Amino acid sequence: MVERVLLAEPRGFCAGVEMAIKALTWMVRVFPPPVYCFHEIVHNATVVEVFERAGVVFVDSIDDVPEGAAIMLSAHGSAPEVVAAAASRSAVMVDAVCPLVTKVHHEVRSKAAAGFEIIYVGHEGHDEAVGTVAEAPSAVTLVDPERGLADFAPSDPSRVALVAQTTLGVFEWESVLADARGRFPELWTARRSDLCYATTNRQEAVRELALAADVVLVVGSETSSNTMALVRVAREHGAAAYRVDAPDSIDPAWLESAATVGVTAGASAPDSSVRAVIEAVNPSGGVEILSVSRESEYFPPPPQLRAFLSALQAAVEAGVSARHPGRPGPLDDDRSWGATEALRMLGG
Ligand code: SF4
Numbered sequence: 001m002v003e004r005v006l007l008a009e010p011r012g013f014c015a016g017v018e019m020a021i022k023a024l025t026w027m028v029r030v031f032p033p034p035v036y037c038f039h040e041i042v043h044n045a046t047v048v049e050v051f052e053r054a055g056v057v058f059v060d061s062i063d064d065v066p067e068g069a070a071i072m073l074s075a076h077g078s079a080p081e082v083v084a085a086a087a088s089r090s091a092v093m094v095d096a097v098c099p100l101v102t103k104v105h106h107e108v109r110s111k112a113a114a115g116f117e118i119i120y121v122g123h124e125g126h127d128e129a130v131g132t133v134a135e136a137p138s139a140v141t142l143v144d145p146e147r148g149l150a151d152f153a154p155s156d157p158s159r160v161a162l163v164a165q166t167t168l169g170v171f172e173w174e175s176v177l178a179d180a181r182g183r184f185p186e187l188w189t190a191r192r193s194d195l196c197y198a199t200t201n202r203q204e205a206v207r208e209l210a211l212a213a214d215v216v217l218v219v220g221s222e223t224s225s226n227t228m229a230l231v232r233v234a235r236e237h238g239a240a241a242y243r244v245d246a247p248d249s250i251d252p253a254w255l256e257s258a259a260t261v262g263v264t265a266g267a268s269a270p271d272s273s274v275r276a277v278i279e280a281v282n283p284s285g286g287v288e289i290l291s292v293s294r295e296s297e298y299f300p301p302p303p304q305l306r307a308f309l310s311a312l313q314a315a316v317e318a319g320v321s322a323r324h325p326g327r328p329g330p331l332d333d334d335r336s337w338g339a340t341e342a343l344r345m346l347g348g
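Mapping the sequence shown onto the numbering used here, position 148 (from 1) lands on 148, and the numbers just tick up by one.
Encoded structure:
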């Protein structure tokens, strides 16, 4: 019988996911269906289902988008040719790439232009890795953190740069970084690690959970890289840890001899899934928060969406309202709502 749930803080939606979900909510509110989205807006099955029900069609090729349709590009970042194709094909294209992924794209472009050979530590085939490597494919070697650098042999060891997918396990990244520094003393790497604040904060919190709980449940989808990293970090620190999408993925045998169950969630997992999992665990003594850090990051809506909605607002006001110029509009109020509310509005 489970006595208590320890609930990690921070967990769940990061600022990039908040921004992307709210941006796609705007799109389905403003445009008649279907609205197209290149790749899953975020890697979470529940979120994707909510948007599909609201009229979003997710595609893996811009060729599948009809000419003139509204299209959004996912939070993971897209290859430059995808962004260009989407912009030329659609009437309104909104790129919901997270600014922290954009930072890594920029590093790849600038280091490639400066003649560096670039090691990109990431997971082959992941949307973020595909989009980032495409910035300079001939200059980048993708290295899986589990395989390490053994096969990497640069032509000039004094001109090597090391960048990373934002959602890696910190311990995996640190081991590649130490190896690269040992082999290439003049290695260039970003002053602040490419692993984003949400990745590192959630991993710090799950480390504490792993030390305090008998079993750790990580809410999130299998396609979510940062969710899978949370499972690996918890296991690395001695806990039995399992990824669950929803209550029906919990195997009762996991909890048979667990008095304390730790619960956390990947950066794309909605709070509704976390609450459903806690309800299914049904701790006799209730839920305690295990707070490791607090987050206040906020990313404003993508520039294309801001420009489009501002133009729309101005047109409506000019036509039908007697509003005084300069009165706050919907975008001025963006901090007052969140992605959880957006999903609720859409019936999720
Ligand atoms: S996990 Fe990090 S990089 Fe990915 S969307 Fe969230 S804040 Fe951005």
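The beta-carbon is built from N, C-alpha and C at its ideal position, and this holds for glycine as well. Please read these numbers as outputs of a predicted model, since none were measured by experiment.
Item                                                                                                                                                                    : Value
Name the residue from L211, P154, V233, Y298 whose alpha carbon lies nearest to the alpha carbon of T260.                                                               : L211
Following the continuous alpha helix (DSSP H) through M93, name the residue where it begins and the one where it ends.                                                  : Segment 92-95 is the beta strand (DSSP E) holding M93; no alpha helix (DSSP H) there.
Can you check which of these residues, A129, I118, H106, is closest to S138 by C-alpha distance?                                                                        : I118
Nearest to A86 by CA position, among I41, E124, Y36, is which residue?                                                                                                  : Y36
Answer yes or no: the CB of L100 versus the heavy atoms of the ligand SF4, is any distance below 7 Å?                                                                   : yes
Which residue comes first and which comes last in the beta strand (DSSP E) that contains I289?                                                                          : 287-291
For T340, tell me which candidate among P10, A8, I21 has the shortest Cα-Cα distance.                                                                                   : I21
Check whether the Cβ of A164 sits closer than 7 Å to any heavy atom of the ligand SF4, and report yes or no.                                                            : no
Please classify V316: is it buried, with 16 or more other beta-carbons within 10 angstroms of its beta-carbon, or exposed?                                              : exposed
In the DSSP output, what is F58 paired with across the bridge?                                                                                                          : C37
Between C196 and the ligand SF4, is the CB less than 7 Å from at least one heavy atom?                                                                                  : yes
Taking DSSP's pairing of strands, which residues face I119 in a bridge?                                                                                                 : T141, L162
Taking the alpha carbon of G238 as the reference point, which residue from V215, R53, T199, D251 has its own alpha carbon closest?                                      : V215
Compare the beta carbon distance of A205 and T264 with 8 Å and say whether it is the shorter of the two.                                                                : yes
Please confirm whether any heavy atom of the ligand SF4 lies closer than 7 Å to the CB of N226.                                                                         : yes
State buried or exposed for H106, treating a residue as buried only when at least 16 other CB atoms are found within 10 Å of its CB.                                    : exposed
Secondary structure at D218, three-state DSSP: helix, strand or coil?                                                                                                   : According to the sequence as given, residue 218 is Val; it is not Asp. Strand at V218.
Flag T141 as yes when its Cβ comes closer than 7 Å to any non-hydrogen atom of the ligand SF4, and as no otherwise.                                                     : no
Which residue wins for smallest C-alpha separation from T223, given the options G148, V47, A180, R181?                                                                  : V47
Specify whether the segment 119-126 and the segment 90-99 touch according to this definition: at least 3 beta carbon pairs, one from each stretch, less than 8 Å apart. : no
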